[in-house]
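Protein chains in written order, with full-length UniProt numbering: chain A, 1 to 250; chain B, 1 to 273.
Note that beta-carbon positions come from the ideal geometry of N, C-alpha and C, so glycine has one too.
Since the model is a prediction, treat every value here as computed from it, not as a measurement.
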Amino acid sequence: MSVLSVKDLRVRYSANGPEILKGISFELQSDDFLAMIGPSGAGKSTLIRCINRLVEPTGGEIVLLGEDVRALRPSELRRLRRNVGMIFQEFNLINRMSVMDNVLSGRLGYTGNLRSLFRHFPKKDIEKALYYLDRVGLTDHVDKRADALSGGQRQRVGIARALMQTPKLLLLDEPTSALDPKISREVMALIMGIAKELGVPALCNIHDVQLAKEFCNRIVGLQDGVKKFDGETATLRDRDLEEIYAMEVL
Amino acid sequence: MSATDTHIAGLGAQTTLRRKRQMKQALIWTGVLVFAAWCAHGTIIADTDWSRVGGRSGVLASIGRYMQLDLGLLPELVRPTIETFMMASVGTVLGCFFSLPVAWLGAANVTPSKTILYPVGRFLMVLSRSVHEIVWALIFVSAVGLGALPGILAIAMRSVGFISKITAEAIENIDAKPVEAIRATGGNQFQVMYYGILPQIYPVVLATIIFEWDINIRRSAVMGLVGAGGLGLLFFRQMNSFNYGGVSMVILAILMLIILGEIISHYLRKAVI
Numbered sequence: 001m002s003v004l005s006v007k008d009l010r011v012r013y014s015a016n017g018p019e020i021l022k023g024i025s026f027e028l029q030s031d032d033f034l035a036m037i038g039p040s041g042a043g044k045s046t047l048i049r050c051i052n053r054l055v056e057p058t059g060g061e062i063v064l065l066g067e068d069v070r071a072l073r074p075s076e077l078r079r080l081r082r083n084v085g086m087i088f089q090e091f092n093l094i095n096r097m098s099v100m101d102n103v104l105s106g107r108l109g110y111t112g113n114l115r116s117l118f119r120h121f122p123k124k125d126i127e128k129a130l131y132y133l134d135r136v137g138l139t140d141h142v143d144k145r146a147d148a149l150s151g152g153q154r155q156r157v158g159i160a161r162a163l164m165q166t167p168k169l170l171l172l173d174e175p176t177s178a179l180d181p182k183i184s185r186e187v188m189a190l191i192m193g194i195a196k197e198l199g200v201p202a203l204c205n206i207h208d209v210q211l212a213k214e215f216c217n218r219i220v221g222l223q224d225g226v227k228k229f230d231g232e233t234a235t236l237r238d239r240d241l242e243e244i245y246a247m248e249v250l
Numbered sequence: 001m002s003a004t005d006t007h008i009a010g011l012g013a014q015t016t017l018r019r020k021r022q023m024k025q026a027l028i029w030t031g032v033l034v035f036a037a038w039c040a041h042g043t044i045i046a047d048t049d050w051s052r053v054g055g056r057s058g059v060l061a062s063i064g065r066y067m068q069l070d071l072g073l074l075p076e077l078v079r080p081t082i083e084t085f086m087m088a089s090v091g092t093v094l095g096c097f098f099s100l101p102v103a104w105l106g107a108a109n110v111t112p113s114k115t116i117l118y119p120v121g122r123f124l125m126v127l128s129r130s131v132h133e134i135v136w137a138l139i140f141v142s143a144v145g146l147g148a149l150p151g152i153l154a155i156a157m158r159s160v161g162f163i164s165k166i167t168a169e170a171i172e173n174i175d176a177k178p179v180e181a182i183r184a185t186g187g188n189q190f191q192v193m194y195y196g197i198l199p200q201i202y203p204v205v206l207a208t209i210i211f212e213w214d215i216n217i218r219r220s221a222v223m224g225l226v227g228a229g230g231l232g233l234l235f236f237r238q239m240n241s242f243n244y245g246g247v248s249m250v251i252l253a254i255l256m257l258i259i260l261g262e263i264i265s266h267y268l269r270k271a272v273i
């Protein structure tokens with residue numbers, strides 16, 4: 001079943017600026033863990049932000065969970081966004097808040113203004129936060145400030161925050177680029193394990209081809225805003241990689 | 001042209017350039033000195049009533065009158081000193097409330113309308129700062145009468161400019177990444193501001209408020225000169241009755257209060273940062 005369908009997606013940041021995405025189309029199935037690979041500046045981050053409209057597309061169609069994303073009004077968009085968990089390259093945590101408050105902020109889409117004002121989250125949210133913090137291995141760091149943690153730990157906070165949304169789709173924007181190789185592997189394994197366990201599909205921007213091959217069942221290759229490859233991981237040949245990365249084989 | 005020739009030509013150009021630069025500097029300094037002399041002549045030499053200054057002993061005697069402290073004034077000092085302190089504190093708090101909307105309008109990245117409301121916010125910041133606190137006090141004394149209230153309002157109005165400007169600048173300089181994360185969770189405008197922006201700016205804003213409060217103690221000490229309560233009023237009365245010892249007592253009270261404010265704000269600032 002298709003969770004996400006993108007057709008002829010186009011983005012320009014300014015009216016006469018260059019076109020960042022030049023008509024991208026792809027589908028995401030409900031059991032996919034899809035890797036979006038490509039060199040820096042290929043448009044991966046822009047593409048993933050179009051899906052929950054953190055970036056406004058200038059053309060094309062996005063259908064997510066049966067809804068036409070581009071046609072949504074602001075309140076409908078917020079309702080859709082809370083179904084989409086997002087994990088960021090630089091974690092995007094609120095540094096001056098505790099780990100717990102950061103994780104709880106994943107529930108904001110479900111929380112009223114008055115409760116948000118006093119950070120008075122329902123008890124079941126706190127229970128849920130404790131459960132996910134345990135799941136990502138941060139039980140000992142619940143009350144620490146987010147900026148007191150190491151990179152790998154911070155990304156785990158980011159994962160827990162995304163899970164708090166009870167997402168129906170995970171968007172991962174280079175979740176491991178700021179981490180060392182060993183921690184990267186651990187974090188990817190953790191995300192994939194949880195995604196499989198919850199039955200949530202994921203779209204993952206990643207530039208480490210090795211990691212992509214290891215963890216993802218499908219790969220889409222992007223270069224300069226154009227799709228260069230789309231297929232099962234096993235069908236990715238070195239020739240495709242050369243084209244995506246425009247690598248000169250010496 | 002040989003290498004030596006180029007060398008010599010380069011040397012010639014350098015010397016002329018350096019001489020020109022030195023000439024220019026000399027000209028600028030002469031200009032500054034002439035201007036300073038002209039100012040001094042106009043204000044000090046031509047504008048002073050030298051016959052009234054008297055001799056050296058006269059000047060010293062006048063200053064000496066302030067040295068005989070009027071300790072009898074002590075009990076009368078307590079209330080106005082406390083009032084001054086309270087005016088500064090209440091005025092600062094009120095100023096913070098006024099600053100919130102102004103900062104919101106005047107921060108380019110969050111303002112609801114960049115074409116209309118942003119300039120309005122910026123204008124309010126300038127207005128607050130360009131009108132002197134004594135002038136604000138005069139306006140409010142004529143509006144709400146004598147007492148501490150016009151002083152509080154004047155201090156609040158005068159505080160808005162600085163607090164809202166620094167707050168707006170802090171908002172403009174925030175890291176956009178946490179904001180993006182809160183938007184991605186489906187947070188609304190208020191939640192984005194409260195969770196994404198506020199935690200990032202609040203140390204700066206709090207430090208600014210403490211600083212402003214410190215300054216406001218000074219400001220509220222002179223409010224009484226125009227009838228807006230506090231130590232200034234007492235100062236004014238002592239001056240009018242030629243009680244120079246009393247004037248010194250008031251000045252000492254102001255000094256003590258400011259030192260106290262300095263100490264408190266030092267520790268508050270430490271606690272915040």
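Straight-line Cα distance separating residue j from residue i
i	j	result
B:L41	B:V53	A small fix is needed here, since residue 41 of chain B is His in this sequence, not Leu. Their Cα atoms are separated by approximately 17 Å.
A:K228	A:G221	5 Å
A:D224	A:I206	15 Å
B:D70	B:L149	29 Å
B:G151	B:G229	6 Å
B:I45	B:I251	29 Å
B:V272	B:I201	12 Å
B:R19	B:F35	25 Å
A:G17	B:K24	46 Å
A:T235	A:L241	11 Å
B:P112	A:Q29	39 Å
Test: residue i CB closer than 8 Å to a CB of chain B
i	result
A:R81	yes
A:L250	Because the pLDDT at A:L250 is just 43, under 50, the model does not fix this residue reliably, and the point stays unresolved.
A:L37	The amino acid occupying residue 37 of chain A in the given sequence is Ile; Leu does not appear at that position. By this cut-off, A:I37 is not an interface position.
A:Q29	no
A:Q165	yes
A:R12	no
Selected residue, minimal CA-CA separation from residue i, among the options
i	options	result
A:G59	A:F91, A:V6, A:K196 and A:G199	A:V6
A:T46	A:A212, A:I20, A:L77 and A:L114	A:I20
B:K177	A:E76, A:F121 and A:M86	A:M86
B:I258	B:L105, B:I217 and B:V126	B:I217
B:L153	B:T111, B:A137, B:V250 and B:E83	B:A137
A:M164	A:T176, A:G231, A:R81 and A:C216	A:R81
B:G105	B:I8, B:I171, B:G64 and B:F242	First, the residue type needs correcting, since residue 105 of chain B is Leu and not Gly in the sequence shown. Of B:I8, B:I171, B:G64 and B:F242, the residue nearest in Cα terms is B:I171.
B:L117	B:A103, B:S128, B:L127 and B:D5	B:A103
B:L124	B:V90, B:R269 and B:V160	B:V160
A:P201	A:L172, A:S184, A:Y13 and A:A178	A:L172
B:L234	B:E83, B:R122 and B:K165	B:E83
A:L189	A:L93, A:G106, A:A212 and A:K168	The question names Leu, yet the displayed sequence has Ala at residue 189 of chain A. Measuring from the Cα of A:A189, the nearest candidate turns out to be A:A212.
B:V192	A:G158, A:I51, A:R107 and A:A71	A:R107
A:P181	A:D208, A:T166, A:L198 and A:L170	A:D208
Any chain A beta carbon closer than 8 Å to residue i
i	result
B:R269	no
B:N173	no
B:P199	yes
B:T84	no
B:T185	yes
Residues that residue i contacts on chain B, provided the C-beta gap is smaller than 7 Å
i	result
A:N205	Here the premise fails: no neighbours, minimum Cβ distance about 14 Å.
A:F33	Ordered by position in chain B, no residue passes the 7 Å Cβ test against A:F33, which lies about 20 Å from the chain.
A:N52	A184
A:M97	P199
A:R78	G186 and N188
Chain A residues whose Cβ lies nearer than 7 Å to that of residue i
i	result
B:P178	N92, L93 and I94
B:I182	S105 and L108
B:Y194	S116 and L117
Chain-ordered chain B contacts of residue i [CB-CB under 9 Å]
i	result
A:S40	The premise fails here: A:S40 is roughly 18 Å from chain B at the closest Cβ pair, so nothing lies under 9 Å.
A:M188	What A:M188 touches in chain B: nothing, since even the nearest Cβ is about 20 Å away.
A:M86	E180, A181, A184 and T185
Contacts of residue i in chain A (Cβ-Cβ under 8 Å)
i	result
B:T111	Within chain A, no residue comes near B:T111; the closest Cβ sits about 18 Å away, beyond 8 Å.
B:T81	Those within 8 Å of B:T81 in chain A number zero; the least Cβ separation is about 37 Å.
Chain-ordered neighbours of residue i on chain A, where CB pairs are closer than 9 Å
i	result
B:F190	N113, S116 and L117
Partner residues on chain B for residue i, Cβ-Cβ distance less than 8 Å
i	result
A:R237	Going along chain B, no residue has its Cβ under 8 Å from A:R237, so there is no contact; the nearest lies around 35 Å.
Touching by the beta-carbon criterion (3+ pairs, under 8 Å), the stretch 135 to 153 of chain A and the stretch 29 to 42 of chain A: no
Touching by the beta-carbon criterion (3+ pairs, under 8 Å), the stretch 62 to 69 of chain A and the stretch 138 to 149 of chain A: no
Contact the stretch 96 to 108 of chain A vs the stretch 131 to 145 of chain A: 3+ CB pairs below 8 Å: yes
Cβ pair count under 8 Å reaching 3, the stretch 57 to 70 of chain B against the stretch 239 to 253 of chain B: yes
Cβ contact check for the stretch 105 to 123 of chain A and the stretch 221 to 228 of chain B: 3 or more pairs under 8 Å: no
Interfacial residues, the stretch 114 to 134 of chain A to chain E, with Cβ spacing under 7 Å: Absence of chain E from the displayed structure is noted, the protein chains being A and B.
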